[in-house]
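Those protein sequences? They're chains Y and S, same order as listed. Per numbering that gives the first Met the number 0, residue 0 is the first one in the first sequence, and the count goes up by one each step. Per numbering that gives the first Met the number 0, residue 0 is the first one in the second sequence, and the count goes up by one each step. Backbone N, C-alpha and C define an ideal beta-carbon position, used for all residues, glycine too.
2 protein chains.
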Amino acid sequence: MSEPKIIGIIGGMGPAATVDLFAKLVEATGAAIDQDHLRTLIDNNPRIPNRNDAIAGRGPSPAPHLAAAARGLQQAGADFLVIACNTAHAFQSDIEAAVTIPFISMIEATADAAGDVDRVGVLAADGCRGAHLYEHAFGKRGVTTLFLDDETQAEFMKLIFRVKAGDMSDAVRRRMESLALSLYARGAKAIIAACTEVPLVLSADALAVPVINSTDALVARAIAFAKA
Amino acid sequence: MSEPKIIGIIGGMGPAATVDLFAKLVEATGAAIDQDHLRTLIDNNPRIPNRNDAIAGRGPSPAPHLAAAARGLQQAGADFLVIACNTAHAFQSDIEAAVTIPFISMIEATADAAGDVDRVGVLAADGCRGAHLYEHAFGKRGVTTLFLDDETQAEFMKLIFRVKAGDMSDAVRRRMESLALSLYARGAKAIIAACTEVPLVLSADALAVPVINSTDALVARAIAFAKA
Numbered sequence: 000m001s002e003p004k005i006i007g008i009i010g011g012m013g014p015a016a017t018v019d020l021f022a023k024l025v026e027a028t029g030a031a032i033d034q035d036h037l038r039t040l041i042d043n044n045p046r047i048p049n050r051n052d053a054i055a056g057r058g059p060s061p062a063p064h065l066a067a068a069a070r071g072l073q074q075a076g077a078d079f080l081v082i083a084c085n086t087a088h089a090f091q092s093d094i095e096a097a098v099t100i101p102f103i104s105m106i107e108a109t110a111d112a113a114g115d116v117d118r119v120g121v122l123a124a125d126g127c128r129g130a131h132l133y134e135h136a137f138g139k140r141g142v143t144t145l146f147l148d149d150e151t152q153a154e155f156m157k158l159i160f161r162v163k164a165g166d167m168s169d170a171v172r173r174r175m176e177s178l179a180l181s182l183y184a185r186g187a188k189a190i191i192a193a194c195t196e197v198p199l200v201l202s203a204d205a206l207a208v209p210v211i212n213s214t215d216a217l218v219a220r221a222i223a224f225a226k227a
Numbered sequence: 000m001s002e003p004k005i006i007g008i009i010g011g012m013g014p015a016a017t018v019d020l021f022a023k024l025v026e027a028t029g030a031a032i033d034q035d036h037l038r039t040l041i042d043n044n045p046r047i048p049n050r051n052d053a054i055a056g057r058g059p060s061p062a063p064h065l066a067a068a069a070r071g072l073q074q075a076g077a078d079f080l081v082i083a084c085n086t087a088h089a090f091q092s093d094i095e096a097a098v099t100i101p102f103i104s105m106i107e108a109t110a111d112a113a114g115d116v117d118r119v120g121v122l123a124a125d126g127c128r129g130a131h132l133y134e135h136a137f138g139k140r141g142v143t144t145l146f147l148d149d150e151t152q153a154e155f156m157k158l159i160f161r162v163k164a165g166d167m168s169d170a171v172r173r174r175m176e177s178l179a180l181s182l183y184a185r186g187a188k189a190i191i192a193a194c195t196e197v198p199l200v201l202s203a204d205a206l207a208v209p210v211i212n213s214t215d216a217l218v219a220r221a222i223a224f225a226k227a
């Protein structure tokens with residue numbers, strides 16, 4: 000087997016979600032000794048401007064910062080890139096234009112991981128929805144996407160920012176579960192945890208409906224790509 | 000306040016200990032929004048040769064790899080460096096010679112964190128003991144260090160390698176607690192978790208004797224230094 004590829008993670012959006020991605024990557028590698036693990040370079044840059052505000056036209060673009068992080072990781076030796084943030088995939092073309100190494104999409108990995116379903120409920124941040132990332136990815140696959148209505152979406156965003164502030168309390172977990180169940184009640188055959196903060200407070204076994212975790216989907220694809 | 004400094008983490012020794020350091024850094028920063036967190040660059044390089052074997056004269060030196068990681072992190076923008084591995088501090092001078100940015104020692108941070116005690120029990124890997132890192136750090140402070148005897152040290156090393164292989168079972172936890180208690184029985188006023196794998200299976204509240212966690216000590220110092 001050839002030497003595994005070096006993974007570059009553009010992180011910090013938010014930092015706890017980056018820790019979660021890194022932890023799952025180490026755990027899922029399933030190595031018996033240090034030396035069998037994958038080399039991973041991380042730029043955890045929480046100062047990248049808010050993606051949701053930029054997509055809504057209310058704030059500066061994170062694109063130059065994401066491109067700079069991508070270039071820095073390639074320069075440091077990364078063989079391919081991932082981002083620990085679904086919404087930031089709205090700027091994927093800016094990242095790809097900045098480097099000559101492949102970019103592995105969390106959106107595509109997650110849409111593939113959903114498997115054979117005709118309708119999914121997507122828990123995604125405003126910017127991720129505004130950029131139609133999952134609508135397009137599932138649309139290509141002939142899968143209908145359901146999203147929260149305006150009122151519950153506003154509540155969802157408040158929960159996401161509570162998680163970013165470190166609140167992973169039972170109250171937050173229960174509210175996240177009930178938002179997921181509202182999509183199930185409307186006919187979703189699977190719930191897509193399409194924001195990297197969601198799995199921090201919504202475990203796959205908390206609900207009777209399957210939960211597809213975007214972090215897990217990206218981790219599985221990144222490990223396979225690194226070892227290919 | 001001036002812009003906080005960028006932290007560079009030389010990691011991968013082992014990867015789970017690096018995840019733990021990163022997680023504690025994010026948690027201890029206590030920021031309300033992404034943008035208030037600290038920028039952190041991580042080179043999680045598990046392929047760095049085994050430190051214990053090198054110090055025992057049984058394997059290649061990790062020094063050139065540690066120096067290369069340090070240079071890469073400085074080049075990527077780190078303002079100071081830390082290592083998520085106590086034993087690797089045996090090569091601190093090689094790292095410092097490779098860069099022009101400060102290096103914050105986990106050994107010194109931990110010895111300071113032990114506070115006003117006259118005798119400590121140190122749970123440290125073979126290489127960390129062989130290089131006398133804690134013996135010297137506590138010696139300077141007038142504190143006596145107790146270590147495991149040869150037989151229990153061999154068992155300790157087996158536990159560490161089980162943790163590195165992902166085994167954080169109750170059996171491993173109970174054995175680690177009993178090794179810590181054997182040092183307490185010999186008169187240690189505090190137990191030093193002087194290997195970054197130890198806190199993964201020994202929580203501070205598991206024992207009646209204070210446990211000084213080297214990861215926590217380094218995190219506290221790194222945050223203070225970044226914000227100074």
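CA-to-CA, the gap between Asn-44 of chain Y and Ile-100 of chain S works out to about 19 Å. Beta bridge pairing from DSSP links Ile-9 of chain S with S:Asp-42, S:Ile-82. For the options S:Ala-223, S:Ala-136, S:Leu-122, the alpha carbon positioned closest to that of Tyr-183 of chain S is the one of S:Leu-122. Around the Cβ of Ile-32 of chain S, a 10 Å sphere holds fewer than 16 other Cβ atoms; the residue is exposed. Nearest neighbour of Phe-90 of chain Y by Cα position, chosen from Y:Arg-50, Y:Gly-186, Y:Ser-177, Y:Ala-22, turns out to be Y:Arg-50.
For Gly-120 of chain Y, the enclosing beta strand (DSSP E) has its first and last residue at 118 to 122. The region 136 to 187 of chain S is shown to contain whole alpha helix (DSSP H) runs of 4 or more residues at 149 to 163, 169 to 184, in chain order.
In summary, the residues of the region 27 to 51 of chain S whose CB is separated from some CB of chain Y by less than 9 Å are Thr-28, Gly-29, Ala-30, Ala-31, Ile-32, Asp-33, Gln-34, Asp-35, His-36, Leu-37, Arg-38, Thr-39, Leu-40, Ile-41, Asp-42, Asn-43, Asn-44, Pro-45, Arg-46, Ile-47, Pro-48, Asn-49, in the order they occur in the chain. As DSSP reads the structure, Ile-191 of chain Y sits in a beta bridge with Y:Val-121, Y:Ile-211. Contact between Ala-66 of chain Y and Met-12 of chain Y fails: their C-beta atoms lie close to 14 Å from each other, not under 8 Å.
Taking a beta-carbon distance threshold of 8 Å, Pro-63 of chain S does not count as an interface residue toward chain Y. As DSSP reads the structure, Phe-224 of chain S sits in no beta bridge. Distance from the CA atom of Gly-71 of chain Y to the CA atom of Pro-61 of chain Y, rounded to whole angstroms, is 15 Å. Rounded to the nearest angstrom, the Cβ distance from Pro-209 of chain Y to Ala-189 of chain Y is 4 Å, consistent with a contact under 8 Å. Taking the Cβ atoms as the reference, Val-197 of chain Y lies roughly 7 Å from Met-175 of chain Y, within the contact range of under 8 Å.
For the options Y:Asp-125, Y:Cys-194, Y:Thr-151, Y:Ala-153, the alpha carbon positioned closest to that of Ala-55 of chain Y is the one of Y:Asp-125. Shortest Cα-Cα distance from Ala-16 of chain S to any of Y:Asp-204, Y:Thr-17, Y:Ala-22, Y:Ser-202 involves Y:Ala-22. Residues of the region 0 to 16 of chain S that bring their beta carbon within less than 7 Å of a beta carbon in chain Y comprise Gly-11, Met-12, Gly-13, Pro-14, Ala-15, in sequence order. The criterion of a C-beta distance shorter than 8 Å is not satisfied by Ala-225 of chain S and Val-81 of chain S. Contacts with chain S at 8 Å (Cβ-Cβ) include Ala-22 of chain Y. From the beta-carbon of Val-25 of chain Y, the residues of chain S found nearer than 7 Å are Pro-14, Ala-15, Val-18.
For the region 163 to 178 of chain S, the set of residues with a beta-carbon nearer than 8 Å to any beta-carbon of chain Y comprises Lys-163, Ala-164, Gly-165, in chain order. Arg-185 of chain S and Ala-179 of chain S have their C-alpha atoms some 10 Å from each other. Look at Gly-58 of chain Y: its C-beta is not under 8 Å from any C-beta on chain S.
Taking all protein chains in view, the Cβ of Pro-59 of chain Y is surrounded by fewer than 16 other Cβ atoms within 10 Å, so the residue is classified as exposed. Where Pro-101 of chain Y is concerned, there is no enclosing alpha helix (DSSP H), because DSSP gives it neither an H nor an E. With distances taken between CA atoms, Cys-84 of chain S lies nearest to S:Cys-194 out of S:Cys-194, S:Ile-211, S:Arg-172. Note that the C-beta distance between Ala-30 of chain S and His-36 of chain S is below 8 Å.
Residue range 62 to 75 is occupied by the alpha helix (DSSP H) that includes Arg-70 of chain S. Within a 10 Å sphere around the beta-carbon of Gly-114 of chain Y sit fewer than 16 other beta-carbons, which makes this residue exposed. Between the alpha carbons of Ile-6 of chain S and Lys-163 of chain S lies a gap of roughly 24 Å.
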